[in-house]
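Structure first, then comments.
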Amino acid sequence: MEIEFYPLDIDYDNNSVIKLIGTTKDGKKACVYDDSFRPYFWIFNDDVDKIKDKISKISNDIENIYVTNVEVHNKNYLNKEVKALKVFYNNPRGLRFILDELNDFGIEKKEIDINFAKRYLIDKNITMMTLTKIDGEVINDENFDYCIKGIVKQESQEFYDNPKVLAVDIEVYGSAGGEDKVKNDPILMIGLLSKDIKKVITWKKFKAQDYVEFVNSEAEMIEKFIEIVKNYKPDIIIGYNSDSFDFPYIKARAEKYGIKLNLGSDNSNLRFTPGLQNNVKINGIIHLDLLKFIRKIMAANLQLDSYSLDSVAKELLQQGKKEVEIDIVEAWDNIKDLEKFSEYNLHDVELTLEIFDKIFPIMVEIVKLTNMPLFDISRISYGQLVESYLIKRAGDFNEILPNKPMHEDISERRLATYQGAFVMEPKIGFYNDVAFFDFRSLYPSIIVAKNIYPGNLNSNKEGYETPEITDENGNKKIYYFNTKREGFIPEVVRDLIIRRNRIKEIMKTEDNVTLKARSYALKTIANSTYGMYGFFGARYYSKECASSITAFGRQYIKDAIKKAEEEDFLVIYSDTDSLSVTLGNKTKKDALNFLKKINIELPSLMELELEGFYPRGIFVSKKGETQGAKKKYALIDENGKIKITGFETIRKDWSIIVREVQLKVIEMILKEGKHENALDYVRKIIKEIKDKKIDLKKMVIKEQLKMPLESYKQIGPHVAVARRMKLLGMDTSPGTNIYFIVSNEPGIIRDKARIPSECNDYDANYYIENQIMPSVEKIFEVFGITKDQVLIQEQSKLGDF
DNA sequence: GAGATTGTCGTACC
DNA sequence: ACAGGTACGACAATCTC
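Taking the numbering used here, the leading residue of the first sequence gets 1237, the next gets one more, and so forth.
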């Protein structure tokens, strides 16, 4: 029998049988077995014939492990041609035994740490969720509409565009965290949303919208949830923090009632994948925890206040969560406001589904680029992302990959550091007509231009020469990279850049979600490659390469600064790959000509671009010093849009009042081109703070706990408050945001810090001296206004009238 | 024991 | 442990006399 299906999930057994579960075009569930593929690894040996026979005979009858085949290949390894043996074996779990047997030969083994299922997808060039064929014999399995054993083939590129996606979100009793929470606090509601389902299940009756379904108990609610999933057969289940909260919670509560959480399409129970992270796996269904992908891949390009569903929705959808002030305990106990509560629950799944729609195209592009399953992609880190892509591309270049480092190597590598980028001390001032230039993808283009690859390091001092590099011991070094043969990684990065440039070219004439996502994915992989060289856990870790890239980077940006100065531009600031100048008597056209001139001399793919023109900009000094503060400036563009970098107003760990006031001050100064009104405004606010006219909510300061509470050597205000919270049974696990207000209590600041709910006054002096003043002082100083002048009371000004 | 210095911590920039 | 280094600034902890 022959069928076509979209594979969703992949697994394998101890006999090297690959199992794919997927959906057919008409929505039927298919389970497919392919036993045509065997695990393998590589070994290097010049004396191939001598050892080939011996290796072929390795076997262990008791454990059913044996080498099935050995082939000889000519391969590349770190830019050297090598004779390599490809050793196939029967059982993916037999690797350890075979490697131990090979120890006697003292030979190098490679690609021993690549997951069998992923190896299968790459070698067979199968992209998950893409139309796939199988022709084979039918096997009986009542869980599936089709179950076939045969050889899988993918000839189509038709992606499964319209999968059934089900969003899930639970609401639980109680507000505090604590260890016994799961034991004591029941789930109250389960919200479910897809294109076909809109439902909130709950177990107390109240007047509600018709999407609310009532059952008689929590246990019934969980059973109902399982029934809905099993009937609907979604392709993808999504949640927000569902790896760590919703599913572990549902699992624990189900266990309490002895309910089997057999959500898998093969009727298997939901499970946690082995390893450090809580990854909730449901066989045959792709479970995605959107929070993971946002935190690991998207966050760097988003302006998030926190990773809460609310702030992510605000950023991605320009729409926050519904403001609901319901005390869950009170509402549930007294059957009050439960209708609102159910609306809130539904709204959460709505946001989850909408966020999914936004980020899914990016995940899809990464799935296509790497051949990794969506389940893995949604939980991938930058390091793994680059590595997955390199594993995929290695085959195209006949390249064998280095192994992941051993534990000993990691601890050694972790201590190693190297010099990074150049940051220029800004020239303090309030400027007119600022032009901002930056290099397009500086580090990736250096990797390509200078052929930076571990295998290209030249010991005989020939090739591309790095600037002098000083290591952490003060030793000076120069590295040389082979100019003759392009390395595997430079070639891959070149390809990434060219492909992205091509897409950007197309995007000029058509706006398209897929192209945008592809461009994002290509850029992310290219930009992470430099980081991978410096990452201790990477296969291609190379401090030499990482430090060479930054050294070339410093050289290129310093050279650009020099050339700008030679053209009589006043360079006011530079960080890593950017520089800003004031135009002075020059025109925008002069600036563009300067770019043209400089770009002629740069290697191909490397380009200095105009980031923007800004009619006004301000660069301030460091606190308590006369030097300019790096990474701290504000600009206004020609449309009046303000771009703020590094200032307190964009930092999450300052009080709301400071962030508000500083933002307003910067806006007024940049828009008006003078400081007088801003000064009046600040004086007014200071008076209001003194007079206690400011809402206590605006005095809240937020800081995150980064470690377990016990690990802190220094007990700062947020740690002190977290300790108080712990006594109240609240959640204080790492990652928790701690909110506090500095009260009028005596002592040092941590003694004064209070949980907002147990605080009804603020220390005006603290908020003026330690919050408002530090944030505006340096701005006014640029205009020659001292701190004391800012603090002069309003009355004296009134006297002028 | 007050004032200066150093260390810890969180967050941001690129 | 799951990309890198550079930088600012608050506050506590420690040193210094």
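Don't be surprised by glycine CBs; every beta carbon is placed ideally from N, CA and C. These figures come from a predicted structure and were not determined experimentally.
Span of the alpha helix (DSSP H) holding S2011? Along the first sequence, one-based indexing puts residue 2011 at 775. Counting along the chain, S2011 sits inside the alpha helix (DSSP H) bounded by residues 2009-2017.
Straight-line CA distance for G2035 to K1920? In the first sequence, counting from the first residue as 1, residue 2035 sits at position 799. In the first sequence, counting from the first residue as 1, residue 1920 sits at position 684. Confidence at G2035 is low in this model, with a pLDDT of 41, below 50, so the placement of that residue should be treated as unreliable; the coordinate-derived value is given next. Looking at the two C-alpha atoms, the distance is approximately 15 Å.
Whose C-alpha, out of K1832, K1435, W1439, V1268, is nearest the C-alpha of D1446? For this step, residue 1446 is matched to residue 210 along the first sequence. Residue K1435 is the option with its Cα nearest to D1446.
Taking the continuous beta strand (DSSP E) assigned at R1852, which residues delimit it? Counted from its first residue, the first sequence places residue 1852 at position 616. Going by DSSP, R1852 is part of the beta strand (DSSP E) stretching over 1844-1857.
Do you know how far the Cα of E1299 is from the Cα of N1327? Here residue 1327 corresponds to residue number 91 of the first sequence, with the count starting at 1. Here residue 1299 corresponds to residue number 63 of the first sequence, with the count starting at 1. Approximately 9 Å, taken between the alpha carbons.
So, are the CB atoms of E1579 and K1572 less than 8 Å apart? One-based indexing of the first sequence puts residue 1579 at position 343. One-based indexing of the first sequence puts residue 1572 at position 336. Between E1579 and K1572, the CB-CB gap reaches or exceeds 8 Å.
For S1979, collect the residues of the same chain with a Cβ closer than 7 Å to its Cβ; drop the 5 residues on either side in sequence, then sort them by chain order. In the first sequence, counting from the first residue as 1, residue 1979 sits at position 743. The answer, listed in chain order, is K1988, R1990, C1995, D1997, Y1998, D1999.
Mind listing, in chain order, the continuous beta strand (DSSP E) runs of no fewer than 3 residues lying wholly within the stretch 1237-1307? Whole beta strand (DSSP E) segments, 3+ residues: 1238-1248, 1254-1259, 1265-1270, 1276-1280.
Whether or not the stretch 1631-1640 and the stretch 1752-1770 are in contact is what I'm after, with contact meaning three or more pairs of Cβ atoms, one per stretch, closer than 8 Å; do they touch? Between the stretch 1752-1770 and the stretch 1631-1640 there are fewer than three C-beta pairs closer than 8 Å, too few to call the two in contact.
From Y1766, A1444, V1284, pick the residue whose C-alpha is nearest to that of L1574; which is it? As a position in the first sequence, residue 1574 is number 338, starting the count at 1. Proximity to L1574 across Y1766, A1444, V1284 peaks at A1444, based on C-alpha coordinates.
Same chain, Cβ closer than 7 Å to H1309, five either side skipped, listed in chain order: Locating residue 1309 in the first sequence gives position 73, counting from the first residue. A1320, K1322.
Helix, strand or coil for E1579? Go by DSSP, reduced to three states. Walking along the first sequence from the start, residue 1579 turns up at place 343. E1579: helix per DSSP, three-state reduction.
Evaluate Y1493 with the Cβ neighbour count: other Cβ atoms within 10 Å of its Cβ, from every protein chain shown; 16 or more gives buried, anything less gives exposed. Here residue 1493 is taken as the residue at index 257 of the first sequence, counted from 1. Exposed, because fewer than 16 other Cβ atoms sit within 10 Å of the Cβ of Y1493.
According to DSSP, is D1811 part of a helix, a strand, or is it coil? One-based indexing of the first sequence puts residue 1811 at position 575. In this structure, DSSP gives D1811 an extended state, which the three-state scheme calls strand.
Residue(s) in a DSSP beta bridge with F1333: Taking the first residue of the first sequence as 1, we reach residue 1333 at position 97. Per DSSP, F1333 has no beta-bridge partner at all.
Going by C-alpha distance, which of D1245, I1522, R1738, F1672 is nearest S1816? Counted from its first residue, the first sequence places residue 1816 at position 580. Of all alpha-carbon atoms in D1245, I1522, R1738, F1672, the one lying nearest the alpha-carbon of S1816 is that of F1672.
If you count every other CB in all the chains shown that lies within 10 Å of the CB of R1736, and 16 or more means buried, which is it? If you number the first sequence from 1, residue 1736 lands on position 500. Classified as buried, R1736 has 16 or more neighbouring CB atoms from the shown chains inside 10 Å of its CB.
Enclosing alpha helix (DSSP H) for T1760 [first to last residue]: The sequence position of residue 1760 within the first sequence is 524, counting from 1. It spans 1749-1769 - the alpha helix (DSSP H) in which T1760 sits, taken as one unbroken run.
Tell me which residue opens and which closes the beta strand (DSSP E) that T1368 is part of. Along the first sequence, one-based indexing puts residue 1368 at 132. Note, T1368: beta strand (DSSP E), 1368-1374.
According to DSSP, simplified to helix, strand and coil, what is T2022? As a first step, residue 2022 must be located in the first sequence, where it is residue number 786. It is coil, neither helix nor strand.
Compute the distance between the beta-carbons of I1384 and M1237, then report whether it is under 8 Å. For the purposes of this step, residue 1384 is taken as residue 148 along the first sequence, with counting starting at 1. For the purposes of this step, residue 1237 is taken as residue 1 along the first sequence, with counting starting at 1. When the beta-carbon positions are compared, I1384 and M1237 come within less than 8 Å of each other.
Beta strand (DSSP E) segment containing Q1940, residue limits: Working through the first sequence from its first residue, we reach residue 1940 at position 704. For Q1940, the enclosing beta strand (DSSP E) begins and ends at 1937-1940.
Would the beta-carbon of F2019 fall within 8 Å of that of F1772? Looking up residue 2019 in the first sequence gives position 783. Looking up residue 1772 in the first sequence gives position 536. Their beta carbons are not under 8 Å apart, which means F2019 does not touch F1772 by this criterion.
Taking DSSP as the reference, what is the three-state secondary structure of I2004? The sequence position of residue 2004 within the first sequence is 768, counting from 1. Helix.
Euclidean distance between Cα positions of D1377 and S1677: Walking along the first sequence from the start, residue 1377 turns up at place 141. Walking along the first sequence from the start, residue 1677 turns up at place 441. If you take the alpha carbons of D1377 and S1677, they lie about 52 Å apart.
Nonlocal neighbours in the same chain, by C-beta distance under 6 Å from K2033, ignoring five residues either side: As a first step, residue 2033 is located in the first sequence; it is residue number 797 there, counting from the start. Caution applies to K2033, whose pLDDT of 49 falls short of 50 and renders its modelled position unreliable; the model cannot decide the point.
Taking contact to mean at least 3 C-beta pairs separated by less than 8 Å, is the stretch 1471-1485 in contact with the stretch 1515-1529? At 8 Å Cβ cutoff, the stretches touch.
Name the two residues that bound the continuous alpha helix (DSSP H) containing V1894. The residue you call residue 1894 lines up with position 658 of the first sequence. V1894 -> alpha helix (DSSP H) spans 1892-1908.
Hey, quick one: how far does the beta strand (DSSP E) through E1917 stretch, first residue to last? One-based indexing of the first sequence puts residue 1917 at position 681. Checking the displayed sequence, the identity of residue 1917 turns out to be Tyr instead of Glu. Here Y1917 belongs to no beta strand (DSSP E); instead the alpha helix (DSSP H) covers 1912-1926.
Nearest to N1709 by alpha carbon, out of R1754, T1653, M1743? Taking the first residue of the first sequence as 1, we reach residue 1709 at position 473. The shortest C-alpha separation from N1709 is found at T1653.
Determine the DSSP secondary structure at Y1382, reduced to helix, strand or coil. For this step, residue 1382 is matched to residue 146 along the first sequence. Residue state for Y1382 is assigned as strand, using DSSP reduced to three classes.
Excluding sequence positions up to five away, which residues of its chain have a Cβ less than 6 Å from the Cβ of P1243? Here residue 1243 is taken as the residue at index 7 of the first sequence, counted from 1. Excluding residues within five positions, the ones whose Cβ falls inside 6 Å are L1256, G1258, M1364, T1368.
If you draw a straight line from the C-alpha of N1251 to the C-alpha of Q1620, how long is it? Position 15 of the first sequence, counting from 1, holds the residue named residue 1251. Position 384 of the first sequence, counting from 1, holds the residue named residue 1620. In a straight line, the C-alpha of N1251 is about 27 Å away from that of Q1620.
How about the stretch 1783-1793 and the stretch 1637-1652: do they share at least three Cβ pairs that are nearer than 8 Å? Counting Cβ pairs under 8 Å, fewer than three are found: no touch.
Exposed or buried, which one is M1943 when buried takes at least 16 other CB atoms within 10 Å? On the first sequence, position 707 is the one that residue 1943 refers to. Exposed.
With K1799 as the anchor, note down where its alpha helix (DSSP H) starts and where it stops. The sequence position of residue 1799 within the first sequence is 563, counting from 1. From DSSP, the alpha helix (DSSP H) with K1799 extends over 1779-1802.
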